[in-house]
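Residues 86 to 223 in my numbering are what the sequence shown spells out, letter by letter.
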Amino acid sequence: MGTFEVIEHTADIGIVARGATLIEVFEAAAEGMFSLMVDPGSVENRAWLERQVEADDHEGLLVAWLNNLLAVVNIEAFVPVVFVVDQISPSRLRATVHGEPIDPDRHRFRRDIKAATYHMVEVKQADGGWAARVIFDV
Numbered sequence: 086m087g088t089f090e091v092i093e094h095t096a097d098i099g100i101v102a103r104g105a106t107l108i109e110v111f112e113a114a115a116e117g118m119f120s121l122m123v124d125p126g127s128v129e130n131r132a133w134l135e136r137q138v139e140a141d142d143h144e145g146l147l148v149a150w151l152n153n154l155l156a157v158v159n160i161e162a163f164v165p166v167v168f169v170v171d172q173i174s175p176s177r178l179r180a181t182v183h184g185e186p187i188d189p190d191r192h193r194f195r196r197d198i199k200a201a202t203y204h205m206v207e208v209k210q211a212d213g214g215w216a217a218r219v220i221f222d223v
């Protein structure tokens, strides 16, 4: 299971995600982003959506993945809480996200994230595993 930590960045905020595998890092990055947005304890795992993104490299794939998840909230009115990356390559990611439709009476939103950015984005092998850094526009 991957982990993440929040990092401060001028007027924005970011995370560094870590995991034993690239899949774990991408799952941890999604978990980290959503922990900044909504209290995960307020979201139930009642439904799921399939997601797929493509990009030229791991950094582009991370940004595309996280921005695709933001669209799930902002366009599809669905708040995910569990992220399962089913398949990943340098240019393609396929995943299933679990959660439920937004319920304003139950879901406690913390902050609005507008986008994952390319500013300082990095995905690399580190310490026998993988690490990724991403900054969010808030």
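No residue lacks a Cβ here, since even glycine has one placed at the ideal position from N, Cα and C.
May I ask you to report which of helix, strand or coil DSSP gives residue i?
i, result
"G117", "helix"
"V162", "A quick correction: the sequence has Ala, not Val, at residue 162. Of the three classes helix, strand and coil, the one that applies to A162 here is coil, per DSSP."
"E139", "strand"
"I100", "strand"
"I198", "coil"
With a 10 Å radius around its C-beta and 16 neighbouring C-beta atoms as the bar for buried, classify residue i as buried or exposed.
i, result
"G99", "buried"
"P165", "buried"
"E207", "exposed"
"G225", "Outside the shown range of the chain (86 to 223) lies residue 225, about which nothing can therefore be said."
Measure from the C-beta of residue i to each C-beta in chain D and report whether the shortest distance is under 8 Å.
i, result
"A102", "Annotation note: the requested chain D is absent from the structure, which comprises a single protein chain."
Rounding to the nearest angstrom, what Cα-Cα distance links residue i and residue j in this structure?
i, j, result
"I173", "W150", "11 Å"
"T88", "E161", "27 Å"
"G104", "R191", "31 Å"
"D222", "E139", "21 Å"
"A217", "E90", "11 Å"
Would you say residue i touches the ligand PLP, meaning its beta carbon is less than 7 Å from a heavy atom?
i, result
"A216", "For the ligand PLP, the structure offers nothing, since it holds no ligand at all."
Count Cβ pairs between the stretch 135–144 and the stretch 202–211 that sit closer than 8 Å; are there 3 or more? yes
At least 3 beta-carbon pairs within less than 8 Å: the stretch 127–136 vs the stretch 105–112 = Contact between the stretch 127–136 and the stretch 105–112 is absent: fewer than three C-beta pairs spanning the two stretches fall below 8 Å.
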